[in-house]
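Numbering (the numbering used here), first residue to last: 35 to 157.
Ideal placement from N, C-alpha and C gives every residue a C-beta, glycine not left out.
These figures come from a predicted structure and were not determined experimentally.
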C-alpha cells in the first residue's frame with residue numbers, strides 16, 4: 035500500500051476559450067513537480083469536446099491571449115536595482131497590472147522557461 039498524500043493545483047481555465055477559437059481542440063495541461071515518495075511529477079489536463087464560445091459570442095468578446103514563453107539575454111543592471119535572481123514578467127494592459135512570481139535566471143545562461151499567460155476580452 036502506498037501512503038496517502040494530497041496536493042492542490044490551480045489552472046486558468048479561461049485559456050480554453052481562446053484555444054477553441056483557433057480551430058484547435060481546447061485542451062490545457064499542467065505538470066506539477068511533487069515531493070511524494072516514489073513520484074516525480076503529476077500532469078493534470080482539461081480537454082473540451084467542443085468550442086466553449088459560439089462564433090457570435092467569440093466575435094463579441096474578442097478574447098486575446100498574451101504569452102511569455104521564456105526570457106533570455108537580459109542585461110545585468112544592478113545599478114538600477116535589477117538583479118538576475120529576481121526576474122519577473124510585468125504587464126500593464128487594459129487598465130490593470132499583472133506580475134508573475136519572481137524567479138532566478140539559470141546560472142548556465144539557459145533561457146528561463148515561464149509559460150506565463152493572460153487572457154483579455156477586448157470586444
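By the 10 Å Cβ neighbour count, where 16 or more other Cβ atoms means buried, how is residue 60 classified, buried or exposed? As a working note, residue 60 is residue 26 in the chain shown. Residue 60 comes out buried.
So within the region 48-86, which uninterrupted alpha helix (DSSP H) runs reach at least 4 residues, ignoring any that extend past its ends? Listed in chain order, the complete alpha helix (DSSP H) runs (minimum 4 residues) inside the region 48-86 are 49-55.
Would you grab the beta carbon distance between residue 105 and residue 145 for me? Rounded to a whole angstrom, and I think it's under 8 Å. Within the chain shown, the letter at position 71 stands for residue 105. Within the chain shown, the letter at position 111 stands for residue 145. The pair is a contact, with the Cβ atoms about 6 Å apart (cut-off 8 Å).
Where residue 39 sits in the DSSP three-state scheme: Position 5 of the chain shown, counted from the start, is the residue given in the question as residue 39. Residue state, collapsed to three classes: coil.
If residue 108 sits next to residue 139, beta carbons under 8 Å apart, how far is it from one beta carbon to the other, in whole angstroms? Numbered from 1 along the chain shown, position 74 holds the residue referred to as residue 108. Numbered from 1 along the chain shown, position 105 holds the residue referred to as residue 139. Yes, they are in contact, since the Cβ atoms of residue 108 and residue 139 sit about 7 Å apart, within 8 Å.
Measure the C-alpha to C-alpha separation of residue 120 and residue 62 and round it to an integer number of angstroms. In the chain shown, the residue the question calls residue 120 occupies position 86. In the chain shown, the residue the question calls residue 62 occupies position 28. Residue 120 and residue 62: Cα-Cα distance of roughly 28 Å.
For residue 139, report the span of its alpha helix (DSSP H) as first-last. Here residue 139 refers to the residue found at position 105 when the chain shown is read from its first residue. Segment: none, residue 139 is in no alpha helix (DSSP H) and carries neither H nor E.
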